[in-house]
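Visitor: Dropping the structure in here first, questions after.
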Amino acid sequence: MDNRTKALNMVPMVVEQTSRGERAYDIYSRLLKERLIFLVGPIDDHMANVVVAQLLFLEAENPEKDISIYINSPGGVVTAGMAIYD
174 MDNRTKALNM
184 VPMVVEQTSR
194 GERAYDIYSR
204 LLKERLIFLV
214 GPIDDHMANV
224 VVAQLLFLEA
234 ENPEKDISIY
244 INSPGGVVTA
254 GMAIYD
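Given below as structure tokens:
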């Protein structure tokens, strides 16, 4: 198993206190709830599909609110990147 695979398998959890008790989220779901998309790794067709789906979901949820994207990528497939850019 390479380092990237190991890192992807170690997703931190965060606990949120609500009036109904505690709720645990993986960190990426919690960031998405705050309208922040976390894009890490090479951009390929699969990564583009995931990011576009998140963008469409957030846009449908509230088209007036901003969406932030944190990118940590060495680059990748141009057409996949253009799908995200559109």
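According to the working numbering, the sequence shown is numbered sequentially starting from 174.
We put the CB at the ideal spot given by N, CA and C, even for glycine.
None of the values given here were measured: they were computed from a predicted structure.
1. Please go through the region 215-246 and give each complete alpha helix (DSSP H) segment of 4 or more residues, from N-terminal end onward.
2. Alpha carbon to alpha carbon, how far is N245 from A197? Give it in angstroms, no decimals.
3. What are the boundary residues of the alpha helix (DSSP H) that includes V251?
4. Rounding to the nearest angstrom, what Cα-Cα distance links I200 and N222 in this structure?
5. Please report the residue range of the alpha helix (DSSP H) in which R203 lies.
Guide: On the basis of the coordinates in this document:
1. For the region 215-246, whole alpha helix (DSSP H) runs of length 4 or above, ordered along the chain, are 218-234.
2. One-based indexing of the sequence shown puts residue 197 at position 24. One-based indexing of the sequence shown puts residue 245 at position 72. Here the C-alpha atom of A197 lies approximately 25 angstroms from the C-alpha atom of N245.
3. Sequence index remark: in the sequence shown, residue 251 carries index 78 (1-based). Where V251 is concerned, the enclosing alpha helix (DSSP H) stretches over 251-258.
4. For the purposes of this step, residue 200 is identified with residue 27 of the sequence shown, where counting begins at 1. For the purposes of this step, residue 222 is identified with residue 49 of the sequence shown, where counting begins at 1. Taking the straight line from one Cα to the other gives about 20 angstroms.
5. As a position in the sequence shown, residue 203 is number 30, starting the count at 1. That run of the alpha helix (DSSP H) goes 200-206.
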